[in-house]
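J.:
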Amino acid sequence: MSDFTPTEMMTIAAARALKASDVCFVGIGAPSAACNLARLTHAEGITLIYESGTIGTEPRVLPLSIGDGELCDTALTTVSVPEMFRYWLQGGRITIGFLGGAQIDRFANLNTTVVGPYDRPKVRLPGGGGAPEIAAQSGEVFITMAMGSRAFVEKLPFITSMGHGEGGDHRARLGLATKGPTRVFTDLCVMEPDPESRELTVVSLHPGVTRDQVQAACMWPLRFSAQPGETPAPTAEELAILRDLHARTKAAHAA
Amino acid sequence: MSDFTPTEMMTIAAARALKASDVCFVGIGAPSAACNLARLTHAEGITLIYESGTIGTEPRVLPLSIGDGELCDTALTTVSVPEMFRYWLQGGRITIGFLGGAQIDRFANLNTTVVGPYDRPKVRLPGGGGAPEIAAQSGEVFITMAMGSRAFVEKLPFITSMGHGEGGDHRARLGLATKGPTRVFTDLCVMEPDPESRELTVVSLHPGVTRDQVQAACMWPLRFSAQPGETPAPTAEELAILRDLHARTKAAHAA
Amino acid sequence: MAQFLSLEDAIRACVHDGDTVAMEGFTHLIPHAAGHEIIRQGRRDLALVRMTPDLIYDQLIGMGCARALRFSWGGNPGVGSLHRFRDAVENAWPRPLAIEEHSHAAMANAYEAGAANLPFATLRGYIGTDLPKVNPNIRSVTCPFTGEVLAAVAAIRPDVAIIHAQRADRHGNVALEGIVGVQREAVLAAKRSVVTVEEIVEDFGPRSPNAVILPSWTVTAISHVPGGAYPSYAHGYYSRANAFYIAWDAIARDRDTFLAWMDANVMKKTPADFAVHARPAALAAAS
Amino acid sequence: MAQFLSLEDAIRACVHDGDTVAMEGFTHLIPHAAGHEIIRQGRRDLALVRMTPDLIYDQLIGMGCARALRFSWGGNPGVGSLHRFRDAVENAWPRPLAIEEHSHAAMANAYEAGAANLPFATLRGYIGTDLPKVNPNIRSVTCPFTGEVLAAVAAIRPDVAIIHAQRADRHGNVALEGIVGVQREAVLAAKRSVVTVEEIVEDFGPRSPNAVILPSWTVTAISHVPGGAYPSYAHGYYSRANAFYIAWDAIARDRDTFLAWMDANVMKKTPADFAVHARPAALAAAS
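Residue numbers (our numbering), protein chains in the order written: chain W, 955 to 1209; chain P, 955 to 1209; chain E, 212 to 498; chain G, 212 to 498.
(1) Which class does residue 254(E) belong to by DSSP, given the choice of helix, strand or coil?
(2) Of all the CB atoms in chain G, is at least one closer than 8 Å to the CB of residue 1021(W)?
(3) List, in order along the chain, the chain E residues whose C-beta lies closer than 9 Å to that of residue 1119(P)?
(4) Rounded to the nearest angstrom, what separates residue 1059(P) and residue 1092(P) at their Cα positions?
(5) From 988(P), 978(P), 973(P), pick the residue whose C-alpha is nearest to that of residue 1197(P); which is it?
(6) Taking beta-carbon pairs under 7 Å, can you tell me which members of the segment 389-403 of chain G lie near chain E?
(7) Take residue 1172(P) as the anchor and find which of 1025(P), 1141(P), 1149(P) has the nearest alpha-carbon.
(8) Under a three-way DSSP split, which group does residue 963(P) fall into?
(9) Please compile the residues from chain W whose C-beta is within a distance smaller than 8 Å of the C-beta of residue 422(E).
(10) With burial defined as no fewer than 16 other Cβ atoms inside 10 Å of the residue's Cβ, what is the status of residue 363(E): buried or exposed?
(11) Taking CB distances under 8 Å as the criterion, tell me whether residue 284(E) reaches chain P.
(12) Expressed to the nearest angstrom, what Euclidean distance is found between the alpha-carbon atoms of residue 1002(W) and residue 1144(W)?
(13) Determine whether the Cβ of residue 345(G) lies closer than 8 Å to any Cβ atom of chain E.
(14) Using C-beta distances below 8 Å, list every residue in its chain close to residue 1070(P), excluding the 5 sequence neighbours before and after it, in chain order.
(15) Can you tell me where the alpha helix (DSSP H) with residue 359(G) in it begins and where it stops?
(16) Are the C-beta atoms of residue 352(E) and some chain G residue less than 8 Å apart?
(17) Spatial neighbours of residue 1109(P) within its chain, please: CB distance less than 8 Å, with the 5 preceding and 5 following residues excluded, ordered by chain position.
(18) Mind checking which residues open and close the beta strand (DSSP E) that includes residue 234(E)?
(19) If you check the beta carbons only, do residue 1153(W) and residue 1119(W) fall under 8 Å apart?
(20) Using only the alpha-carbon positions, how far apart do residue 484(E) and residue 245(E) sit?
(21) Buried or exposed: where does residue 265(G) fall if 16 or more other Cβ atoms within 10 Å of its Cβ makes it buried?
(22) Can residue 1131(P) be considered in contact with the ligand HEM, in the sense that its beta carbon sits closer than 7 Å to one or more heavy atoms?
(23) DSSP three-state call for residue 1177(P): helix, strand or coil?
(24) Quick check on DSSP: helix, strand or coil for residue 989(P)?
(25) In chain order, what residues of the segment 310-324 of chain E put their CB closer than 7 Å to some CB of chain P?
(26) Which of the residues in the segment 961-981 of chain P, read from start to end, lie with their CB under 7 Å from any CB of chain G?
(27) Count the other CB atoms within 10 Å of the CB of residue 487(G); is the residue buried (16 or more) or exposed (fewer)?
(28) Would you please verify whether the beta carbon of residue 498(E) is less than 8 Å from any beta carbon of chain P?
(29) Which of the three DSSP states is assigned to residue 1024(P) in this structure?
(30) Spell out a yes or no on whether the segment 1048-1059 of chain P and the segment 407-424 of chain E are touching, meaning 3 or more CB-CB pairs, one atom from each, closer than 8 Å.
(31) Note down, in chain order, each residue of its chain lying with its Cβ closer than 7 Å to the Cβ of residue 998(W), except the 5 sequence neighbours on either side.
(32) Tell me the residue span of the beta strand (DSSP E) that contains residue 331(E).
(33) Return the residue from the list 327(G), 290(G), 394(G) that minimises the CA-CA distance to residue 233(G).
(34) Tell me residue 1057(W)'s beta-bridge partners as DSSP assigns them.
(35) Measure from the C-beta of residue 1041(W) to each C-beta in chain E and report whether the shortest distance is under 8 Å.
(36) What does the alpha-carbon distance come out to for the pair residue 1185(P) and residue 1089(P)?
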């Protein structure tokens, strides 16, 4: 079963964490692949919501944008964007907010705004979009990001979306009753925040990945749980369904 | 042409003041009859909005409530009630707000809340409903009310909807940029606020009505314009269309 | 996920003595059958919330179920007074009723704020009126950009919202259309919700992509009660019984007449008795 | 009442140098043809507003039409950067661009407040983020009931809003469906509005009673521009040209490539050239 890519492992690990009863606010890219894979495997009936207003959507191919026609065509209904952010996200209806980002720190705060100073950025990134409030208002947050020394950094130049802030009970002190990031799915491992300090801790390594590899792809000294497990390798069925989804998607987007 | 009732004259006078380009927020009763009469006579294309959310409605019979199915069946579209009050009324889209009331004072303030003390009312009336904000947020306000000494009173026990408050520039001092009540159509006459003091002034008497009759039906000493005209009597066409509308309505509501 | 329950079980599970209860429906889709079931089950001390109390709350108030009412217009539309509501306010019969009175705009905004999980709603409201003098829950906020002072009212967050809708599908999603009022807001603002429906269908089938739908996971209980809005109406199913609204004036004017009517038409009936009103409007018109 | 105008005349009448302009459409129904017309007419010093600047604003910014941008997400969805937007922010090319950056929730609420004629919007937003440190227009209000402190942003009230919709009827009413984004709010919040449409029909015909419609008296000008959303899409007419969004990355990455593409595909074209994209999706799929 070595015939899978790190990105596939990341997506499959994230998909497994979703339940049929979840109501997911889905970002584009790896989150969208993971949520739809879950829907097509063990979590039939899961509710997927995209910030474009589509509620309970069941796309046959992955959308390129969060507002592809496919999402609306297959949705239970589609509401306006103000309503989406007011009644559905702020209203507390989302169980899992699914985010990615350009950069993350040890407390799972995310940056998608700038690298360098805000006023004279070295790299201007797209910005927050829905993420700041997805991070605050979803029941809990899952993050998917490929590891690397530019992405997993000691200190963020800009906090776009709050994870656990400075750690500990920082969220609670700011009045947030939601859990914040509870899992980070990477291409090398799965992390969870420590129950006390909220610092990200490696809880399982993907098959064949070593601690040194993970540490090499992260700029802060990583914590590992006492006995990090090995992430179960993708099953043949998971891989087949994910690849089939990607193939359908590629064909559709090239059209 | 003496073959008409005072209520018919009131409704017809009010209808004549409406233009095809108006967007009217319509209350039940005389306002609804006047607006629909206007639509069926000289103001074809007038936009009628009821607070139930029906926009651009064209009822074949007068509704008994502001939410009869007829209103929705014939509307351009129907929006939610929060949206109606937020985007359409508060949004400043209404040119004419049409109100009635249990009691009115010389500055066209209205009471539909209580007679007697609020905490121990002699008569508990229905309350404000949409009126407080219709009075404030419509471009201008037309009022239809039958005269009488219980209705046209020296001092209101309760101000449910502000007309011209204490008169003069009271509305402007409270930050209201809208005109407030510009005409009051009664069963005996038509009144308009004085341009300076804003006190209601009789500008035309319905056919056959004397100044004494009007004053007898009003508890404050009424102002009359220098040369009050005579309201033109209903035309045969106006009467026929109004009576036809009422006949259709009566048959429909008895069903 | 919504559970399919009998109306008896749904009310028993979701409505408790002392609850804040919002039964909504703006003229259209008023959940009368659910109101009758609450009366039959003898609920007490309810804090009722509703823009237009209408006949449904006249009945609940007259039967002594309510301790309080938050509302904006308490009349029989196009007919006149709600006599049981008036008797409670004017004479404390059958028991005192604490009222919190608003305008429609404020109530609608307060439901909207509740659905949006905000603690309060902001509106350009109540200017020059006496309502703020008698309602301490009409307050103000100042715009941090322009300095303007606007009205503020507390969000409505009921313990339970009860509405009537046209259809549910087998997953428990609920579809309504026509005059949709504040029903979605009431359900989304509430901790629990009961929806009575005309029909339960396998699938909603072809529809507007922007159809008004409450997903199953926003609803607590669904009860199949055809005709359950009568004498209100269900767009596409049956028309408003305007004649009954007119007739209610005489029934409710007198305490004994009212009690006799309630005994015969509510206490001795069941939700299934509403089915007689469910004849589609098209069929009724043709007969 | 809405006037039916050519797109050239509509833009000339409604969009002036220095205006605050909101062109909306959330992925769906983006008014690309109108954007091209603004570029051709050489408008300058525009203060642009849009949740997701997308290719349409990449083009306006790259052609030097804009002095400012209020936005919440400036990327090419699913592809990567908006290179012209980045070049303006990182290198002030072709001119400096003042940015006012928000979250989606704040922008959506700000449009909603604009449509509702409120000076500001209240949201549970920005908690723990750095955005308030760089945007002085993110402020706060305190709930007068609970004492909670919430985020406040100024309402969006553009001089002109521009959207694309599926249909207008002969009275100038506008119907849109599918992903409706913040388009209605943008039009209702604006002083003037331009709507490009796929089709002008005699009558909308049978439809949901709750269809998404902008009445004629809320719209300034309507222009018939079939295909006018391309490479965005029109639900029921044609699909999103995802391949073009992917291709844009290479076109926009280089200033000269960009300028050459704009010259050939915008400056030398007319609104009628969008018609080629208007082939209904069903037909296109069948061919």
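In this text, a Cβ means the ideal position worked out from N, Cα and C, and glycines have one as well.
T.: The structure says:
(1) For the purposes of this step, residue 254(E) is identified with residue 43 of the third sequence, where counting begins at 1. Correct three-state label for residue 254(E): coil.
(2) For the purposes of this step, residue 1021(W) is identified with residue 67 of the first sequence, where counting begins at 1. By this cut-off, residue 1021(W) is an interface position.
(3) Along the second sequence, one-based indexing puts residue 1119(P) at 165. Ordered by position in chain E, the residues that pass the 9 Å Cβ test against residue 1119(P) are 339.
(4) Within the second sequence, the letter at position 105 stands for residue 1059(P). Within the second sequence, the letter at position 138 stands for residue 1092(P). Cα to Cα, residue 1059(P) sits roughly 20 Å from residue 1092(P).
(5) Within the second sequence, residue 1197(P) is the residue found at index 243, counting from 1. When each option's Cα is compared against that of residue 1197(P), the closest is 988(P).
(6) 389, 391
(7) For this step, residue 1172(P) is matched to residue 218 along the second sequence. Among 1025(P), 1141(P), 1149(P), the Cα nearest to that of residue 1172(P) is on 1141(P).
(8) Position 9 of the second sequence, counted from the start, is the residue given in the question as residue 963(P). Helix.
(9) Here residue 422(E) is taken as the residue at index 211 of the third sequence, counted from 1. Residue 422(E) reaches chain W at 1031, counting residues in chain order whose Cβ is nearer than 8 Å.
(10) Residue 363(E) sits at position 152 when you count from the first residue of the third sequence. The residue is buried, with at least 16 neighbouring Cβ atoms inside 10 Å.
(11) As a position in the third sequence, residue 284(E) is number 73, starting the count at 1. With 8 Å as the cut-off, residue 284(E) counts as an interface residue toward chain P.
(12) Counting from 1 along the first sequence, the entry for residue 1002(W) is found at position 48. Counting from 1 along the first sequence, the entry for residue 1144(W) is found at position 190. Cα to Cα, the separation comes out at about 23 Å.
(13) As a working note, residue 345(G) is residue 134 in the fourth sequence. Judged by the 8 Å Cβ criterion, residue 345(G) is not in contact with chain E.
(14) Here residue 1070(P) corresponds to residue number 116 of the second sequence, with the count starting at 1. Same-chain partners within the cutoff: 1076, 1077, 1111.
(15) As a working mapping, residue 359(G) is identified with position 148 in the fourth sequence. No alpha helix (DSSP H) contains residue 359(G), which DSSP labels as neither H nor E.
(16) Translated into the one-based positions of the third sequence, residue 352(E) becomes position 141. Yes, contact with chain G.
(17) Mapped onto the second sequence, residue 1109(P) falls at position 155. Hits under 8 Å: 1059.
(18) Taking the first residue of the third sequence as 1, we reach residue 234(E) at position 23. Where residue 234(E) is concerned, the enclosing beta strand (DSSP E) stretches over 231-234.
(19) Position 199 of the first sequence holds residue 1153(W). Position 165 of the first sequence holds residue 1119(W). Inclusion of residue 1153(W) and residue 1119(W) in the CB contact set at 8 Å is not warranted, their separation being larger than that value.
(20) Locating residue 484(E) in the third sequence gives position 273, where the first residue counts as 1. Locating residue 245(E) in the third sequence gives position 34, where the first residue counts as 1. Near 12 Å, if we compare the C-alpha coordinates of residue 245(E) and residue 484(E).
(21) Taking the fourth sequence and counting its residues from 1, one reaches residue 265(G) at position 54. Per the 10 Å Cβ criterion, buried.
(22) In the structure on display, the ligand HEM does not appear, and there are no ligands present to speak of.
(23) Numbered from 1 along the second sequence, position 223 holds the residue referred to as residue 1177(P). It is a strand residue.
(24) Along the second sequence, one-based indexing puts residue 989(P) at 35. Correct three-state label for residue 989(P): helix.
(25) 312, 314, 315, 316, 319, 320, 322, 323
(26) 977
(27) Working through the fourth sequence from its first residue, we reach residue 487(G) at position 276. Looking at its Cβ environment, which holds fewer than 16 other Cβ atoms inside 10 Å, residue 487(G) is exposed.
(28) Start at 1 with the first residue of the third sequence, and residue 498(E) comes out as number 287. With a pLDDT of 41 at residue 498(E), under the threshold of 50, the predicted position of this residue should be treated as unreliable, though the coordinate-derived value follows. It does not: the Cβ of residue 498(E) has no partner Cβ on chain P nearer than 8 Å.
(29) The count along the second sequence starts at 1 and reaches residue 1024(P) at position 70. Three-state DSSP puts residue 1024(P) in a helix.
(30) no
(31) Position 44 of the first sequence, counted from the start, is the residue given in the question as residue 998(W). So the list reads 974, once near-sequence residues are dropped.
(32) By 1-based counting over the third sequence, the position of residue 331(E) is 120. It spans 331-334 - the beta strand (DSSP E) in which residue 331(E) sits, taken as one unbroken run.
(33) Translated into the one-based positions of the fourth sequence, residue 233(G) becomes position 22. Taking only the C-alpha atoms, the option nearest residue 233(G) is 394(G).
(34) Translated into the one-based positions of the first sequence, residue 1057(W) becomes position 103. Answer is 1065(W).
(35) Walking along the first sequence from the start, residue 1041(W) turns up at place 87. By this cut-off, residue 1041(W) is an interface position.
(36) By one-based count along the second sequence, residue 1185(P) stands at place 231. By one-based count along the second sequence, residue 1089(P) stands at place 135. Near 25 Å, if we compare the C-alpha coordinates of residue 1089(P) and residue 1185(P).
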